[in-house]
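Colleague: What follows is a structure written as structure tokens; I'll ask about it next.
2 protein chains.
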Amino acid sequence: MQHVQCARCVRCGREYEATPDVTTCQCGGILDIVYDYDYIRRTFSKVNLEARRDHTMWRYRELLPVEPETPPTPLRVGWSPLYEEPRLAEQLGLGKLYVKDDGQNPTASLKDRASAMAVAKAREAGAHTIACSSTGNAASSLAGNAAAAGLKTYIFVPSRAPKGKVAQLLTFGATVISVEGSYEDTFELSKQAIDRWGWYNRNAAINPYLSEGKKTVALELMEQLAWQAPDYVAISVGDGCTIAGLWKGLKDLYAIGFIDRLPRLISVQAAGCCPLNRAIETGEPWRPMEENTLADSIAVGVPRNADKALMAIRESHGLTVNVTDEEILAAQQLLGRTCGVFGEPAGVTGTAGVKKLCEQGVLGRNDTVVSVVTGNGLKDVANAIRACGEPITIPSDMGRLLEAFDQRGIRVE
Amino acid sequence: MQHVQCARCVRCGREYEATPDVTTCQCGGILDIVYDYDYIRRTFSKVNLEARRDHTMWRYRELLPVEPETPPTPLRVGWSPLYEEPRLAEQLGLGKLYVKDDGQNPTASLKDRASAMAVAKAREAGAHTIACSSTGNAASSLAGNAAAAGLKTYIFVPSRAPKGKVAQLLTFGATVISVEGSYEDTFELSKQAIDRWGWYNRNAAINPYLSEGKKTVALELMEQLAWQAPDYVAISVGDGCTIAGLWKGLKDLYAIGFIDRLPRLISVQAAGCCPLNRAIETGEPWRPMEENTLADSIAVGVPRNADKALMAIRESHGLTVNVTDEEILAAQQLLGRTCGVFGEPAGVTGTAGVKKLCEQGVLGRNDTVVSVVTGNGLKDVANAIRACGEPITIPSDMGRLLEAFDQRGIRVE
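Taken in sequence, the protein lines are chains A and B. Quick note, in the numbering used here, the first sequence goes up one by one and the last residue is 418. Quick note, in the numbering used here, the second sequence goes up one by one and the last residue is 418.
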């Protein structure tokens, strides 16, 4: 990989060769893939990108840490739609609002970007089996992307993972171990098993390539915005890997001159589980928290990618905001009714944060904001139903229909 | 619409002006939109299509029945991935197999194509409210596409519709009427309400524009195959509107010279509800059937688009095949494990039919087949779980993991 220099520890700075199976630093720190931006500038331009017909994450190959001969992964990951939402912007009192619906990915979440990268690197490493622990989406995306590539998967999920996600895993043929305990307990057991059997490791804070996959969401949204950077990009934060990837992508584009300024990040966590935002807000080191939120994908009390995430928020002069479960469900309804976008609770948490910052007057008419929806609402139907109630149930009878409308105060126009 | 000549009854041949709100013929027959192919040939070429950057169903505007000034609908509908599946082809004993995953649409089914068209035509008609009855997917797609466009929806579903689909409707802000009865009962009540209040009608067999939206699946798959027609295109059949749309698209392309031969259709129904296939197989008129299948989207005992569907199957010298619920769930697992594609039961019914025809020796090594997956498995998680069982549930303990693997005969390599 001529365009990759090394993998560097974000804590102590030690450098490693960027082999396909490199994991963490001796010091325990997480590694970051370091690129030769001068080389990339010479080989990659907006013009050659524009001519490309590949509308997947692999269209940005010059910025991805894979060998030239590594094949793209089989499923169509990436190039999710970016919608301009003038009606919602108006309603919130924002200048401009864009929603990037990353629930439109093969297994219905942003995590497909990381999992596709894991599959590509596992192939480079000659591995036939990949494993991970996950609150659900990393797992289902790994299972789907690996199945399409003919690789075997072992997947550890906390037993609270919604049924939709578990059904995906099993359908994709993964061996699924449902761990009675927290995400932390799940992670620990997966680590032991991976050490024991030598599987390729797709745990996000261990494998430095995953945030490189996730960063493609930033590359795309900037290309979709014709390289005009917005003021803010809002996203939900759990483990920390996604916001770190988002920031990496933005910095890559800045480094090679594709954008001339960097947006500020908006890190949105659930009020019931916000260890990273609390660290930013208090200026103290992050400390574990309980996992008290229905937004299961970001219910991460011990974030594994705290270092990269905190660095990203700080470097970008980012904002933090924490939202209650009620605010999350309200944002789900708002996005559905106004934009036709159905996100899972963690998926719409970024938008809930944007709404709250508008209400607080932090964001307003002069701001252009991109809100990333990270997963599809079909993954967690129980919570959606909880938020929106039940339909009108009647027999096939016009009299009963009129009665039901009357009772509910529905005036048909 | 210079490229549209009229709307013609498929039963009696009577012609109507193609106004935005035209419905059925006086004789009760369904209308078909008739194009001026000579005009289209002069204005539309593969070369101008290739240059287009719009990767949605609206890239085929020259073949769609909308006014030049009608805006494209807001959600990104269409251009779903077409995957070549060499491993599954090998396993089934087929020459070549392609899977078009139409679950990759904004509301996760092929029906988004019809609903986007309905929204476009409702706007042309100056309507602010759209209504339909549906087993689920037509409804959720209408609710989502209408919400994004700022239109109001009234939606009638049979009370058996899976919760995932109802949750989508409610989240998209539709007024949902859940009818205790069959699809037929649901349809009847919706018809009365639409007549009473004058809503724009998105019922598939009433509104002739919907199959024109659905036909874009055929336009896409042929473009994705570089205009090389496969031998067969397999799809699940319920109401009949989808297979009719598929065939219309193929015939359009043949009429304007984009393809030089027509594939044969494979109409796949559930064994427990196959009135259309039975009509083809017996040569008799179709008769209602009970709705005995878990594939809810095609559990249609009284198909509303029988005329167009039967004509399509016959004109294409099509094959019919009926599959049991067990065969449907087996196909769901097969697509998941081998291709990383998670389809709902009705979504994978086409593939179940292809598998059965391979086993019967009807299809084989000389055949190239496209199988369309019409909806995402996340829409109906309960049935997926029924098919694939439960995960291994244990505490976070290596000893217990080894024990569990042992008990299940899992040998880790």
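Ideal placement from N, C-alpha and C gives every residue a C-beta, glycine not left out. What you are looking at is a predicted structure, and each value in this text was computed from that prediction instead of being measured.
Starting from the N-terminal side, write out each stretch of the beta strand (DSSP E) that is 3 residues or longer and does not extend beyond the region 317-347 of chain B.
Modeller: Whole beta strand (DSSP E) segments, 3+ residues: 324-328.
Colleague: From which residue to which residue does the beta strand (DSSP E) around B/E89 run?
Modeller: Per DSSP, B/E89 belongs to the beta strand (DSSP E) from L87 to E89.
Colleague: Rounded to whole angstroms, how far is the Cβ of A/A12 from the Cβ of A/D37, which I believe are closer than 8 Å?
Modeller: Confirmed, Cβ separation roughly 7 Å.
Colleague: Who are the Cβ neighbours of A/R81 in its own chain at under 7 Å, not counting the five residues just before and after it?
Modeller: Here the set comprises T61 and P111.
Colleague: Which runs of the alpha helix (DSSP H) fall wholly inside the region 237-262 of chain A and span at least 4 residues, in chain order?
Modeller: List check, alpha helix (DSSP H) in window: 246-260.
Colleague: What residue does the beta strand (DSSP E) around A/L226 start on, and which one ends it?
Modeller: Note, A/L226: premise wrong, no beta strand (DSSP E); alpha helix (DSSP H) at T221 to Q229.
Colleague: In whole angstroms, what separates the C-alpha of A/D402 from that of B/L156?
Modeller: About 26 Å.
Colleague: Work out the CA separation of A/S187 and A/L315 for me, nearest whole Å.
Modeller: In a straight line, the C-alpha of A/L315 is about 23 Å away from that of A/S187.
Colleague: Determine the DSSP secondary structure at A/Q173, reduced to helix, strand or coil.
Modeller: Here A/Q173 sits in helix by DSSP.
Colleague: Give me the subset of the region 199-231 of chain A whose CB atoms are less than 8 Å from a CB atom of chain B, sorted by chain position.
Modeller: For the region 199-231 of chain A, which is checked against every Cβ of chain B, the residues closer than 8 Å are R201 and W202.
Colleague: Buried or exposed: where does B/D5 fall if 16 or more other Cβ atoms within 10 Å of its Cβ makes it buried?
Modeller: Since the first residue shown for chain B is 6 and the last is 418, residue 5 of chain B is missing from the structure and cannot be characterised.
Colleague: Please state whether DSSP places B/Y188 in a helix, a strand or coil.
Modeller: Three-state DSSP puts B/Y188 in a helix.
Colleague: What residue does the alpha helix (DSSP H) around B/D117 start on, and which one ends it?
Modeller: Run containing B/D117: K116 to E129, per the alpha helix (DSSP H) assignment.
Colleague: Go through the region 346-397 of chain B residue by residue and report every complete run of the alpha helix (DSSP H) that reaches 4 residues or more, in order.
Modeller: Listed in chain order, the complete alpha helix (DSSP H) runs (minimum 4 residues) inside the region 346-397 of chain B are 350-364 and 386-393.
Colleague: Rounding to the nearest angstrom, what Cα-Cα distance links B/N53 and A/P70 in this structure?
Modeller: Cα to Cα, B/N53 sits roughly 35 Å from A/P70.
Colleague: Would the beta-carbon of B/R269 fall within 8 Å of that of B/P280?
Modeller: Contact: no.
Colleague: Please state the DSSP three-state secondary structure of A/R201.
Modeller: In this structure, A/R201 counts as helix in the three-state DSSP scheme.
Colleague: Is the beta carbon of A/V346 sitting closer than 8 Å to the one on A/A239?
Modeller: No, the Cβ-Cβ distance between A/V346 and A/A239 is not below 8 Å.
Colleague: Taking 8 Å as the threshold (C-beta atoms), are A/V273 and A/V307 in contact?
Modeller: Their beta carbons are not under 8 Å apart, which means A/V307 does not touch A/V273 by this criterion.
Colleague: Taking 8 Å as the threshold (C-beta atoms), are A/A276 and A/D244 in contact?
Modeller: Not closer than 8 Å, so no.
Colleague: Starting from B/N381, find everything on chain A with Cβ-Cβ shorter than 9 Å and list it in chain order.
Modeller: Within 9 Å Cβ-Cβ: A113, N381 and L383.
Colleague: List the residues of chain B whose Cβ lies closer than 9 Å to the Cβ of A/P400, in chain order.
Modeller: Ordered by position in chain B, the residues that pass the 9 Å Cβ test against A/P400 are V184, E185, G186, D190 and L194.
Colleague: Helix or strand or just coil, what does DSSP make of A/S183?
Modeller: Correct three-state label for A/S183: strand.
Colleague: Name, please, each residue of chain B whose Cβ falls closer than 7 Å to the Cβ of A/T180.
Modeller: Under the 7 Å cutoff, chain B gives I415.
Colleague: Please classify B/C435 as buried or exposed, where buried requires at least 16 other C-beta atoms within 10 Å of its C-beta.
Modeller: No information on residue 435 of chain B is available, as it lies outside the stretch 6 to 418 that chain B covers here.
Colleague: Look at B/L267 and B/L251 and say whether their C-beta atoms are less than 8 Å apart.
Modeller: Contact flag unset, no.
Colleague: Between the Cα of B/R309 and those of B/F192, B/D107, B/P76 and B/G169, spot the shortest distance and give me the residue it belongs to.
Modeller: Among B/F192, B/D107, B/P76 and B/G169, the Cα nearest to that of B/R309 belongs to B/F192.
Colleague: Would you say B/C246 and B/L215 are within 8 Å of each other, going by their C-beta atoms?
Modeller: Cβ distance < 8 Å, so B/C246 and B/L215 count as in contact.
Colleague: Taking 8 Å as the cut-off, decide whether the C-beta atoms of A/R118 and A/G83 are in contact.
Modeller: Cβ atoms of A/R118 and A/G83: closer than 8 Å.
Colleague: Grab the span of the beta strand (DSSP E) containing A/Q412 for me, first residue to last.
Modeller: Premise fails: A/Q412 lies in the alpha helix (DSSP H), M403 to Q412, not in any beta strand (DSSP E).
Colleague: Looking at chain B, which residues of the region 87-98 of chain A have a Cβ within less than 7 Å of any of its Cβ atoms?
Modeller: Correct list: Y88 and R92.
Colleague: Would you list the one or two residues that DSSP bridges to B/S272?
Modeller: According to DSSP, which records beta bridges pairwise, B/S272 is partnered with B/I240 and B/T325.
Colleague: Any C-beta of chain A sitting closer than 8 Å to the C-beta of B/Q197?
Modeller: Yes, contact with chain A.
Colleague: What is the rounded straight-line gap between the Cα of A/M6 and the Cα of B/Y88?
Modeller: One C-alpha to the other measures close to 28 Å.
Colleague: Evaluate B/D301 with the Cβ neighbour count: other Cβ atoms within 10 Å of its Cβ, from every protein chain shown; 16 or more gives buried, anything less gives exposed.
Modeller: So B/D301 ends up on the buried side.
Colleague: Give the DSSP bridge partners of B/P25, in chain order.
Modeller: B/P25 pairs with nothing; no bridge assigned.
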